[in-house]
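Just below is one structure, and these are the notes that go with it.
Protein chains: 2
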Amino acid sequence: MSFTTIYETAMKPEWLDDNRILRNAYVPLIFSLATDAFMDRIGIDAAYRARTACTLYTLESHLHFLRQVAATDVVKVDAHILDFDKKRIHLALELRVANSADVVAASEWVLLHVHQGDKPAAASLAAEVERAIVEFRAADTAEPWQGPRSRTITVENA
Amino acid sequence: MSFTTIYETAMKPEWLDDNRILRNAYVPLIFSLATDAFMDRIGIDAAYRARTACTLYTLESHLHFLRQVAATDVVKVDAHILDFDKKRIHLALELRVANSADVVAASEWVLLHVHQGDKPAAASLAAEVERAIVEFRAADTAEPWQGPRSRTITVENA
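So the sequences go chain by chain: B and Y.
Counting the first sequence from 1 gives a position; this note's numbering is that position plus 9.
Counting the second sequence from 1 gives a position; this note's numbering is that position plus 9.
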């Protein structure tokens, strides 16, 4: 398995639509909460953010919605670092129902390390964060990432 | 102007982060609420959904986050139908601060018309919905859509 589980949550009532399934619009929110967990994991935690005035901004997201999630499901988010440079991280995140191999939503994210202030500006990642990123990637046994486009849509006749 | 304004809203307190700016994760939610308004506009309203058991599912979304939005801003969503066929609509949505030409977030969406039931399946759009889509497009004076990739990121040194 080439992904690392970084976040798990039960459904919240406000995420459900009239049919008691997860409303699509809340999938990016779950990924955002997972990204917070990912930031903690690579050392961009609250202490780092307070000390450096730096954080990650999302520049771009690309999502594929593949399956429905029921009100009673627990979901988890798995992460895989596709690429990174001095200032940016290209991250793949997949949403699954816990204990299922089926991907509910597949996504890619471009995150930029930004120094916040009156005029936010891109800034280089701290050396210890770069090291944590390298370690996070090393923990992957790394099947190559196929990307969301290779997934089969489960709605029939699409 | 080739886009039609379909939705407008004031910021909600729960959408703001610690810096009193719109949290990125809520941008897709605003686009989702705008999509509800778009559905009403082309006749896929509550009565249609009740009568036909059909609605639109989101298959795919692609977003570019370009600017920050302050707590006090009113935002609007402009829509442009890029393409459609019997079952799908390819929609561009742009988020702007009301009374500003600057795009805050640019996005594309692939929406599928689905008959809901025990086993949801793609279904053809009703003839009156197709007509409403054609009318919606005709109302555009239609500069060609440049796509979010052509936008300049406002964070410096990205």
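All C-beta atoms in this analysis are idealised placements derived from N, C-alpha and C, irrespective of residue type, glycine included.
Predicted model, so just to flag it, every value in this text is computed and none were measured.
Between Y:LYS95 and Y:THR14, which are expected to be in contact by the criterion C-beta below 8 Å, what is the C-beta distance as a whole number of angstroms? As a first step, residue 95 of chain Y must be located in the second sequence, where it is residue number 86. As a first step, residue 14 of chain Y must be located in the second sequence, where it is residue number 5. Wrong, their Cβ atoms sit about 27 Å apart, outside the cutoff.
With 8 Å as the threshold, decide whether the Cβ of B:PHE145 is near any Cβ in chain Y. As a position in the first sequence, residue 145 of chain B is number 136, starting the count at 1. No, no contact with chain Y.
Do you know whose CA, among B:LEU72, B:ALA147, B:ARG105 and B:ASP127, lies nearest B:ASP92's CA? For the purposes of this step, residue 92 of chain B is identified with residue 83 of the first sequence, where counting begins at 1. Between B:ASP92 and the set B:LEU72, B:ALA147, B:ARG105 and B:ASP127, the nearest pair of CA atoms involves B:ALA147.
Would you identify the three-state DSSP class for B:THR81, choosing helix, strand or coil? Counting from one through the first sequence, the residue named residue 81 of chain B turns up at place 72. The answer is coil: DSSP assigns B:THR81 none of H, G, I, E or B.
Report the partner residues of Y:ASP87 according to the DSSP bridge assignment. The residue labelled residue 87 of chain Y in the question sits at position 78 within the second sequence. Per DSSP, Y:THR14 and Y:GLU103.
Go to B:LEU121, then tell me how far its beta strand (DSSP E) extends in each direction, as first and last residue. Here residue 121 of chain B refers to the residue found at position 112 of the first sequence. Counting along the chain, the beta strand (DSSP E) containing B:LEU121 begins and ends at 112-124.
Closest Cβ-Cβ distance between B:PRO22 and chain Y: below 8 Å? Numbered from its first residue, the first sequence carries residue 22 of chain B at position 13. By this cut-off, B:PRO22 is not an interface position.
Rounded to whole angstroms, what is the Cα-Cα separation between Y:LEU25 and Y:ARG76? For the purposes of this step, residue 25 of chain Y is taken as the residue at position 16 of the second sequence. For the purposes of this step, residue 76 of chain Y is taken as the residue at position 67 of the second sequence. Rounded to whole angstroms, Y:LEU25 to Y:ARG76 spans 14 Å at the Cα level.
Cβ-Cβ distance between Y:THR67 and Y:TRP118 below 8 Å: Counted from its first residue, the second sequence places residue 67 of chain Y at position 58. Counted from its first residue, the second sequence places residue 118 of chain Y at position 109. Closer than 8 Å, so yes.
For B:LEU100 and B:HIS71, what's the separation of their Cα atoms in angstroms? Mapped onto the first sequence, residue 100 of chain B falls at position 91. Mapped onto the first sequence, residue 71 of chain B falls at position 62. Their Cα atoms are separated by approximately 11 Å.
Distance, Cα to Cα, B:ASP127 vs Y:LEU134? Position 118 of the first sequence, counted from the first residue, corresponds to residue 127 of chain B. Position 125 of the second sequence, counted from the first residue, corresponds to residue 134 of chain Y. Approximately 49 Å, taken between the alpha carbons.
Skipping 5 residues on each side, what residues in its chain have a beta carbon closer than 7 Å to that of B:ILE90? In the first sequence, residue 90 of chain B corresponds to position 81, counting from 1. So the qualifying residues of the chain are ILE98, LEU100, ILE142, PHE145 and ARG146.
Do you know whose CA, among B:ASP27, B:LEU38, B:LEU120 and B:TYR57, lies nearest B:GLU137's CA? As a working mapping, residue 137 of chain B is identified with position 128 in the first sequence. Of the residues B:ASP27, B:LEU38, B:LEU120 and B:TYR57, the one whose Cα lies closest to the Cα of B:GLU137 is B:TYR57.
Tell me Y:THR44's beta-bridge partners as DSSP assigns them. The sequence position of residue 44 of chain Y within the second sequence is 35, counting from 1. Residue pairing for Y:THR44: DSSP places it in no beta bridge.
Where do the N-terminal and C-terminal ends of the alpha helix (DSSP H) with Y:GLU139 fall, by residue? To locate residue 139 of chain Y, count along the second sequence from 1; it is residue 130. Unbroken alpha helix (DSSP H) run through Y:GLU139: 136-147.
Suppose the cutoff is 8 Å on Cβ atoms and the five residues either side in sequence are ignored; what does the same chain contact list for Y:GLY52 look like? Looking up residue 52 of chain Y in the second sequence gives position 43. These residues qualify, in order along the chain: ALA135, GLU137, VAL138 and ALA141.
Run down chain Y in chain order and give the residues with a C-beta less than 9 Å from the C-beta of B:PHE47. As a working note, residue 47 of chain B is residue 38 in the first sequence. Per Cβ cutoff of 9 Å: no residues; B:PHE47 is ~14 Å from chain Y at best.
DSSP state of Y:ALA131 mapped onto helix, strand, coil: Translated into the one-based positions of the second sequence, residue 131 of chain Y becomes position 122. Here Y:ALA131 sits in strand by DSSP.
Y:ARG35 - containing beta strand (DSSP E), residue span: Translated into the one-based positions of the second sequence, residue 35 of chain Y becomes position 26. The amino acid at residue 35 of chain Y is misidentified as Arg; the sequence shows Tyr. No beta strand (DSSP E) holds Y:TYR35; DSSP gives it neither H nor E.
Going straight from the alpha carbon of Y:ALA73 to that of B:ASP149, what length do you get? Here residue 73 of chain Y is taken as the residue at index 64 of the second sequence, counted from 1. Here residue 149 of chain B is taken as the residue at index 140 of the first sequence, counted from 1. At residue 73 of chain Y the sequence reads His, which differs from the Ala that was named. In a straight line, the C-alpha of Y:HIS73 is about 28 Å away from that of B:ASP149.
Note the first and the last residue of the continuous beta strand (DSSP E) segment covering Y:GLU23. Here residue 23 of chain Y corresponds to residue number 14 of the second sequence, with the count starting at 1. Unbroken run through Y:GLU23: none, as it is neither H nor E.
Which bits of chain B does Y:GLU103 rub up against, with CB to CB less than 9 Å? The sequence position of residue 103 of chain Y within the second sequence is 94, counting from 1. None at all; the shortest Cβ gap to chain B is about 15 Å.
Given Y:ALA132, which residues of its chain have a CB within under 6 Å of its CB, disregarding the five upstream and five downstream residues? The residue given as residue 132 of chain Y occupies position 123 in the second sequence. Closer than 6 Å at Cβ, skipping near neighbours: CYS63, HIS122 and HIS124.
Could you give the first and the last residue of the continuous beta strand (DSSP E) run that contains B:LEU31? Numbered from its first residue, the first sequence carries residue 31 of chain B at position 22. Segment: none, B:LEU31 is in no beta strand (DSSP E) and carries neither H nor E.
Where does Y:ARG76 fall in DSSP's three states? By 1-based counting over the second sequence, the position of residue 76 of chain Y is 67. Looking at Y:ARG76 - three-state DSSP - the assignment turns out to be coil, as it is neither helix nor strand.
Would you mind working out which of B:GLU69, B:ASP87 and B:ALA130 sits nearest B:ALA110, comparing C-alpha positions? Working through the first sequence from its first residue, we reach residue 110 of chain B at position 101. Closest option to B:ALA110, Cα to Cα, is B:ASP87.
Strictly under 8 Å for the Cβ-Cβ distance: is Y:PHE93 near chain B by that measure? Stepping through the second sequence from its first residue, residue 93 of chain Y is reached at position 84. For Y:PHE93, the closest Cβ of chain B is not nearer than 8 Å.
Of the choices Y:LEU104, Y:ALA55, Y:GLU103 and Y:GLU69, whose alpha-carbon is the least far from that of B:ASP27? Indexing the first sequence from 1 puts residue 27 of chain B at position 18. If we check each option's Cα against that of B:ASP27, Y:ALA55 comes out closest.
What's the C-alpha gap between B:LEU38 and B:LEU120? Working through the first sequence from its first residue, we reach residue 38 of chain B at position 29. Working through the first sequence from its first residue, we reach residue 120 of chain B at position 111. Their Cα atoms are separated by approximately 15 Å.
Who are the neighbours of Y:ASN33 on chain B, taking C-beta pairs under 7 Å? Locating residue 33 of chain Y in the second sequence gives position 24, counting from the first residue. The answer, in chain order, is SER41 and THR67.
Among Y:ARG32, Y:THR44, Y:ALA43 and Y:GLU17, which one has its Cα closest to the Cα of B:PHE40? As a first step, residue 40 of chain B must be located in the first sequence, where it is residue number 31. Nearest of Y:ARG32, Y:THR44, Y:ALA43 and Y:GLU17 to B:PHE40, Cα basis: Y:ARG32.
Of the choices Y:PRO129, Y:VAL106, Y:SER116 and Y:ALA114, whose alpha-carbon is the least far from that of Y:ALA19? Locating residue 19 of chain Y in the second sequence gives position 10, where the first residue counts as 1. Taking only the C-alpha atoms, the option nearest Y:ALA19 is Y:VAL106.
Spatial distance of Y:ALA80 from Y:TYR35 (CA atoms): Within the second sequence, residue 80 of chain Y is the residue found at index 71, counting from 1. Within the second sequence, residue 35 of chain Y is the residue found at index 26, counting from 1. If you take the alpha carbons of Y:ALA80 and Y:TYR35, they lie about 13 Å apart.
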